[in-house]
Every structure is written in structure tokens, then in C-alpha cells.
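Q: Dropping the structure in here first, questions after.
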Amino acid sequence: MTEAIALPTRKDEAWRYAAVERLQDVALDDWRTIEIAAGEHFCDTLVVADGDLTRPTEVTLSKGAHFELGGITVGGRDTVREFVTRVVHAEPAATSNQVVRAVHWGQGTGNFLGNIDVVRDAQKTDAAQDFKGLLLEKGASVNAVPQLEIFADDVKCAHGASVGHSWRCARVTGERRTARRTDGRGAVEGGQLPVSEAAALARGNAVRADFSGLVTADGAPWHYLDTAATAQKPQVVVDAMARALGRDYATVHRGVYSRSAQMTLGYEAARRRVAEFIGAKSENEVVFVRGATEGINLVAASWGMTHIGEGDRIVLSMLEHHSNIVPWQMVAERTGAQIDVCPLTEDQRIDLGALEALLTPRTKMVSFAHISNALGSELQVAEAVQLAHSVSAKIMIDGCQAAPRMPLDMTASGCDFYVFSGHKLYGPTGIGVLWAREEILEAMPPWQGGGAMIDKVTFDATTYAPPPQRFEAGTPMITEAIALHAAIDYLAKHGVFEALDRERALAQSLRERLRDINSVRLFGPEDSAGIVSFVMEGVHPHDLGTILDALMRGIERTQRIFG
581 MTEAIALPTR
591 KDEAWRYAAV
601 ERLQDVALDD
611 WRTIEIAAGE
621 HFCDTLVVAD
631 GDLTRPTEVT
641 LSKGAHFELG
651 GITVGGRDTV
661 REFVTRVVHA
671 EPAATSNQVV
681 RAVHWGQGTG
691 NFLGNIDVVR
701 DAQKTDAAQD
711 FKGLLLEKGA
721 SVNAVPQLEI
731 FADDVKCAHG
741 ASVGHSWRCA
751 RVTGERRTAR
761 RTDGRGAVEG
771 GQLPVSEAAA
781 LARGNAVRAD
791 FSGLVTADGA
801 PWHYLDTAAT
811 AQKPQVVVDA
821 MARALGRDYA
831 TVHRGVYSRS
841 AQMTLGYEAA
851 RRRVAEFIGA
861 KSENEVVFVR
871 GATEGINLVA
881 ASWGMTHIGE
891 GDRIVLSMLE
901 HHSNIVPWQM
911 VAERTGAQID
921 VCPLTEDQRI
931 DLGALEALLT
941 PRTKMVSFAH
951 ISNALGSELQ
961 VAEAVQLAHS
971 VSAKIMIDGC
981 QAAPRMPLDM
991 TASGCDFYVF
1001 SGHKLYGPTG
1011 IGVLWAREEI
1021 LEAMPPWQGG
1031 GAMIDKVTFD
1041 ATTYAPPPQR
1051 FEAGTPMITE
1061 AIALHAAIDY
1071 LAKHGVFEAL
1081 DRERALAQSL
1091 RERLRDINSV
1101 RLFGPEDSAG
1111 IVSFVMEGVH
1121 PHDLGTILDA
1131 LMRGIERTQR
1141 IFG
């Protein structure tokens, strides 16, 4: 049954609750009143996790003021958790944005009842409300009741709501928390974590503070879980890139003026730093490329097209990134070679026993990921190298996920080629590294022509520079190399090379939490290297990602939702 109740307002306007059956326990007289002065910003971020709790707030905005609400209701049982707001745009050019997320199970209900009131003189108002709910069991419900009362002409007002559900999900239990106010007025209501506590927690992490990308525009911490795709950048990398693009900028290997000479020294110093970082015998084994994708294509086009012929075999695995599949397919199409696909073990690692059975004297190349970008499975590189070399095949390792999180030693590894990208190593985009043993590079023909990779050029013939310049045609990635140097120094300073055990522990903790949700299916080995992959029954991965992103945007200034 739909009930209505008049709520306290300034001009006797009537608010109405809709689709809410339980009203008698709500303390409707306990309103918070917030007045935001001209030009000021106020951000209010709260989690409502206790039972039968309403959070009523009235906000009045002066000229050019801004109000931001980020709220979440979360819980089960037969309880109602809700936000009730009235935002009054009392003067021109004020803005407001209210974002509420709700996650409920059992008989739990989450409500957002929001009123936007634009008075006659409040021209240039820009106001928005956004609500999204996730229902984990059939008995749960969420309700959004937006109301717009507009008396001005030149305004923008918008509201939207959506709901997703997964009926077979197990119950998630939350922990009651009590946060302390910083203003001496005692404890905040149970279940509410204000922005100050979360921000203090973030500031306590010195490493996190180095990453400006992990903070939102209003200073709140942002939780980033996409490092397998690309890493955020520490400020030292941003600064190094800015200096290289600004006061230090010049070309390399060409100019005779002092700044060009200095930039050339810096560029080649970056190459030496990479060689040291990966345990190469010499910087001459380090080729700068635009990324791991280009490095693999370089090997496929130069070494592959020279050494692989009709009837030869190339071995890949089920775990490979497209960048380690398509270049070899192109080689196979052009040469008549065949591609063999190595299967996985039961715990979703590359099956080296199956690799041994696949290898023949016609196998010319084995190309595997060191750590899978999808599952976090780690390859036993030494064993794979031994097997490949037993049939005189070359082996290339895609190290994009390994380079940022574990020490590398190319000399000891015995592999023939190794590639990784700078942007996954906390460096810039647009640069990567191809390492190969010097004698292999010396025997490889160039794959692109242009400046820098030549020795002498005449219209009759051209001779080529020795490696690595032979494979770096055109103007190189100058500023990117300088920034990559800074990223490697940053990693070394903080000892991130020993972070693999820590990442595995965090991944294992997440896997244990996800197992408590019946509808979640996990992929990958138990000791995955900081990467956790899962699906939820009945929910498309894109929808789940959208809902989780929306939830995090609603609570990004709070400590954590669960546990």
C-alpha cells in the first residue's frame, strides 16, 4: 500500500513517500540542515548499513555553490535503509549532484527519496540525481522517488534510476562500524563512515600518495582494480615526462648542440637502466619498441619470416593475449606453417607435460605468457625453456604482467626473446622493450626502414646499423624512455620486486570472500599473481562491471563496504 506523509519544508511544499510500506519507525523530525555559502563546495559521503535508519538532509545552495552526495544503503533482514534529501537551489549558478547506490538481500529495502527545488531567481541551475540498485535475493527491494520542483527558466535538472539483480547469490554479511567525529560531538550513527576517515586511511599509505590518479577531483581516494590492463603513474614519472617534454626536450642521436647531446645521454641511460633491471648482459640486447605488441610483431616479422617455413610449427597456449596470437597467425598464413595450441592443466596453468608432447623437430618457435593477464597463472619459465631448446626451437616470453611484480634475469632465464610494456610497469604509454640475446639480434634483418637504423645510404645500396639501432627506425620514443627510466627507479626504490607474495596474499583473500557467494564462479590457480577472474551467474560481466563501478562511485570516499 502506498502511503503519504508531509515532511518539513521551507515553503509548505509537500513531499510524498511512494512505494514505502514502513514509515512509523522513521525519525522524520531529525533533519540535518546544511547551508552552503556562495562559491563553496560541500561533499557528503555516507554508508547506511544499520537497520531501520533514515538519513534526512536539507541543503540550501547560495550563488555558485556546489553540493555533492555520495551514499550507499546496504544490508539484509527485514529492514529499511534510506536517504531522504531536499536540495534547494536558492540563488543562480548553483550545482548539485546526488549519487546513491543500494545493495540488498533478504527482505532488506533501500530507498532514495530526493527533491530538487529550484526557486524563481535560481537561473543557471545544474542539478542531477542518479540511483542504482543491486538485489541479491528475491525478497529484497529498492525504490527511487525523485521529485523536481522548478520555478526558474534557464536550468538543467536530470534524474535516473536502474536496478540489477542476481537471485541465487548467497547473503553477504556486513560488520557494524562506529566512526568518531572530528568535531568532538561523539560517535556518528552506526554504519556510517564519513569522508574524513577514508581520506585519512588513504593518506596513511605513503606509496598510494605518490599516485595522483588514485584520488578523485574532490580529493577522495579512488580504488583502481585494472592494473593488469594499465598501471597508474607515480608522480615522479609524470614529472620526468613533463621535464623531458619541456625544458630538456631535444632530438637524440642527430643534433650536435648541447641539449641534444644531453638528451641522447639520457635516452641511452634509460636503455642501460632497462638492461640492469632485467638482467641483460648488455644494453645492446635492449630494443625500444612502442609496446609489447610491437615487440612481438618485430620478432614475428624479422626472425619468424626468416626462419619459419612451410610445414614448420609454432606453439602458443590457451592463455595468450591476442597480441601473442595474431602476429604468429600472420606468419603461418604467409609461410604455410602450422600453429599448435598447448592446453591448460586442471588449475588453469600452461600444461608443460602437454607441451613436451607437442614439440617436434619442426617446431621453430614457442611463445608463452610469463603471467597470464586473464588468470594470473605463472609459467615455469626455466622448464619451458629447457623443453623448447630440446628440439632446437626458440622461445619468446610475454612478460607484461611479470615485469612489474617480480625480479627478472634474462641471462639466467635462458630464453631467446622477452617483451614487456612500459605502461604496465608504472611508466608511460607508447614504449616497451624487446630483449633478445645479442647474437640473435645481430643475425636478424631490419623490419622497418628509415632514419636511425642505417649505417650508410646510397641509391645503389644501404647498410644497416648494428642492434639495437637496427630495429629502431625513425625518431625514437625519447620522452617515453626518460619516463620509463623514472618508473624503474621508482620500483627499485620501493622494493616492488618483492611484491608478488603480497599480491598473491591479497588475491587469495579476495578469492576466499568471493567463494562465500554461491553464484560466483572463480577462474585461475589459487596462487594467482595478483589477478582474480570470476563470473556471476545470471549477470553479464559488462552489467556487473557497470554496477560495481557505480557502487564504488557512490562510496569512493568511504573506507570499505564489507568487512
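Taking the working numbering, the leading residue of the sequence shown gets 581, the next gets one more, and so forth.
Idealized CB from N, CA, C, for every residue including glycine.
Keeping to the same chain, check which residues put their C-beta closer than 6 Å to that of L1124; ignore five residues upstream and five downstream.
A: The residue given as residue 1124 occupies position 544 in the sequence shown. Here the set comprises M1116.
Q: With a 10 Å radius around its C-beta and 16 neighbouring C-beta atoms as the bar for buried, classify P941 as buried or exposed.
A: On the sequence shown, residue 941 is found 361 positions in, with the first residue counted as 1. Per the 10 Å Cβ criterion, exposed.
Q: Could you work out which residue in G744, A708, L714 is closest to L728 when comparing CA atoms only?
A: Locating residue 728 in the sequence shown gives position 148, counting from the first residue. Considering only alpha carbons, the answer is A708.
Q: Could you tell me the alpha carbon to alpha carbon distance between A949 and E863, rounded to whole angstroms?
A: Position 369 of the sequence shown holds residue 949. Position 283 of the sequence shown holds residue 863. When rounded, the distance between both Cα atoms is 23 Å.
Q: Which residues mark the beginning and the end of the beta strand (DSSP E) in which Y998 is found?
A: As a working mapping, residue 998 is identified with position 418 in the sequence shown. 997-1001 is the extent of the beta strand (DSSP E) around Y998.
Q: Looking only at C-alpha atoms, which of A800, K736, A786 sits nearest to F622?
A: Translated into the one-based positions of the sequence shown, residue 622 becomes position 42. Considering only alpha carbons, the answer is A800.
Q: Does the Cβ of N691 have 16 or more other Cβ atoms within 10 Å, making it buried, or fewer, making it exposed?
A: Taking the sequence shown and counting its residues from 1, the one referred to as residue 691 is at position 111. Classification of N691: buried, given that the 10 Å Cβ count is 16 or more.
Q: Could you pull the start and end residues of the alpha helix (DSSP H) that R839 belongs to?
A: Here residue 839 refers to the residue found at position 259 when the sequence shown is read from its first residue. 838-858 is the span of the alpha helix (DSSP H), which, as asked, contains R839.
Q: How about S947 and W883: are their beta carbons less than 8 Å apart?
A: Position 367 of the sequence shown, counted from the start, is the residue given in the question as residue 947. Position 303 of the sequence shown, counted from the start, is the residue given in the question as residue 883. The answer is no: Cβ separation not under 8 Å.
Q: Please name the residue, chosen from T1126, L1021, A982, that lies closest to A565 on a Cα-to-Cα basis.
A: Beyond the ends of the chain as shown, which are 581 and 1143, falls residue 565; an answer cannot be given.
Q: Restricting to Cα atoms, I'd like to know which of S897, A912, K944 is closest to P923.
A: Residue mapping note: residue 923 aligns to position 343 of the sequence shown, counting from 1. Taking only the C-alpha atoms, the option nearest P923 is S897.
Q: Between A995 and the rest of its own chain, which residues show a CB-CB distance below 6 Å, the 5 nearest in sequence each way excluded?
A: If you number the sequence shown from 1, residue 995 lands on position 415. According to the sequence displayed, residue 995 carries Cys and not Ala. Once the five neighbours on either side are set aside, the close Cβ partners of C995 are V965, I975, I977.
Q: Could you check which residue in T991, G740, F731 has the C-alpha nearest to that of N723?
A: Here residue 723 corresponds to residue number 143 of the sequence shown, with the count starting at 1. Nearest of T991, G740, F731 to N723, Cα basis: G740.
Q: Do K643 and E671 have their C-beta atoms within less than 8 Å of each other?
A: Residue numbering aside, residue 643 sits at position 63 when the sequence shown is read from its first letter. Residue numbering aside, residue 671 sits at position 91 when the sequence shown is read from its first letter. Yes. Within cutoff.
Q: Cβ atoms of P1121 and A1063: under 8 Å apart, would you say?
A: Here residue 1063 corresponds to residue number 483 of the sequence shown, with the count starting at 1. Here residue 1121 corresponds to residue number 541 of the sequence shown, with the count starting at 1. No, these two residues do not count as a Cβ contact at 8 Å.
Q: Are the beta-carbon atoms belonging to L878 and L1005 less than 8 Å from one another?
A: As a working mapping, residue 878 is identified with position 298 in the sequence shown. As a working mapping, residue 1005 is identified with position 425 in the sequence shown. Not in contact: L878 and L1005 (Cβ atoms no closer than 8 Å).
Q: Count Cβ pairs between the stretch 804-818 and the stretch 1023-1041 that sit closer than 8 Å; are there 3 or more?
A: Verdict: no, contact absent.
Q: How is A1130 classed by DSSP in three states: helix, strand or coil?
A: In the sequence shown, counting from the first residue as 1, residue 1130 sits at position 550. The answer is helix: DSSP assigns A1130 an H, G or I state.
Q: Can you give me the Cβ contacts of G1002 inside the same chain, cut-off strictly under 8 Å, excluding the 5 residues immediately before and after it?
A: Here residue 1002 corresponds to residue number 422 of the sequence shown, with the count starting at 1. Taken in chain order, the residues that qualify are G871, P1008, T1009, G1010, I1011, G1012, V1013, E1060, A1063, L1064, A1067.
Q: Within the continuous alpha helix (DSSP H) that includes Y1070, where are the two ends?
A: Numbered from 1 along the sequence shown, position 490 holds the residue referred to as residue 1070. Residues 1058-1074.
Q: What residues are listed by DSSP as bridge partners for I616?
A: Residue numbering aside, residue 616 sits at position 36 when the sequence shown is read from its first letter. For I616, which the question treats as bridged, DSSP gives the partners L641.
Q: From which residue to which residue does the beta strand (DSSP E) around M945 run?
A: Position 365 of the sequence shown, counting from 1, holds the residue named residue 945. Start and end: 943-949.
Q: Could you check what DSSP says for E729 in three-state terms: helix, strand or coil?
A: Residue 729 sits at position 149 when you count from the first residue of the sequence shown. Three-state result, E729: strand.
Q: Under 8 Å between the Cβ atoms of D701 and A732?
A: To locate residue 701, count along the sequence shown from 1; it is residue 121. To locate residue 732, count along the sequence shown from 1; it is residue 152. Cβ distance < 8 Å, so D701 and A732 count as in contact.
Q: Quick one, are the C-beta atoms of I652 and V627 less than 8 Å apart?
A: For this step, residue 652 is matched to residue 72 along the sequence shown. For this step, residue 627 is matched to residue 47 along the sequence shown. Cβ atoms of I652 and V627: closer than 8 Å.
Q: What's the C-alpha gap between T665 and G686?
A: As a working mapping, residue 665 is identified with position 85 in the sequence shown. As a working mapping, residue 686 is identified with position 106 in the sequence shown. Roughly 26 Å between the two C-alpha positions.
Q: Could you check whether the Cβ of M885 sits closer than 8 Å to any Cβ belonging to chain D?
A: The structure shown contains no chain D; it is built from a single protein chain.
Q: Checking 8 Å against the spacing of the C-beta atoms, do E958 and A797 come in under that value?
A: Indexing the sequence shown from 1 puts residue 958 at position 378. Indexing the sequence shown from 1 puts residue 797 at position 217. The answer is no: Cβ separation not under 8 Å.
Q: Roughly how many whole angstroms lie between the Cα atoms of D609 and G619?
A: As a position in the sequence shown, residue 609 is number 29, starting the count at 1. As a position in the sequence shown, residue 619 is number 39, starting the count at 1. Low confidence applies to D609: its pLDDT is 44, below 50, so where it sits in the model is not reliable enough to give any reading.
Q: Is there contact between the stretch 985-995 and the stretch 850-870, where contact requires at least three CB pairs shorter than 8 Å?
A: Contact holds: three or more Cβ-Cβ distances are below 8 Å.
Q: With three or more beta-carbon pairs closer than 8 Å as the criterion, would you say the stretch 828-843 touches the stretch 1085-1102?
A: Output reads no: the stretch 1085-1102 does not touch the stretch 828-843.
Q: May I ask you to report which of helix, strand or coil DSSP gives L1124?
A: Within the sequence shown, the letter at position 544 stands for residue 1124. Three-state DSSP puts L1124 in a helix.
Q: Along the chain, where does the alpha helix (DSSP H) containing L1093 start, and where does it finish?
A: Numbered from 1 along the sequence shown, position 513 holds the residue referred to as residue 1093. In the sequence as presented, Leu is not what sits at residue 1093; that position holds Arg. 1080-1095 is the span of the alpha helix (DSSP H), which, as asked, contains R1093.
Q: Anyone know if the C-beta pair for G744 and V1119 falls short of 8 Å?
A: Position 164 of the sequence shown, counting from 1, holds the residue named residue 744. Position 539 of the sequence shown, counting from 1, holds the residue named residue 1119. For G744 and V1119, yes; Cβs fall inside 8 Å.
Q: Determine whether the beta carbon atoms of E1022 and P984 lie at a separation below 8 Å.
A: Along the sequence shown, one-based indexing puts residue 1022 at 442. Along the sequence shown, one-based indexing puts residue 984 at 404. No; because the gap between Cβ atoms is not below 8 Å, this pair is not in contact.
Q: Can you check DSSP and say which residues form a bridge with I1034?
A: Here the question's residue 1034 lines up with position 454 in the sequence shown. I1034 is bridged to Y1044.
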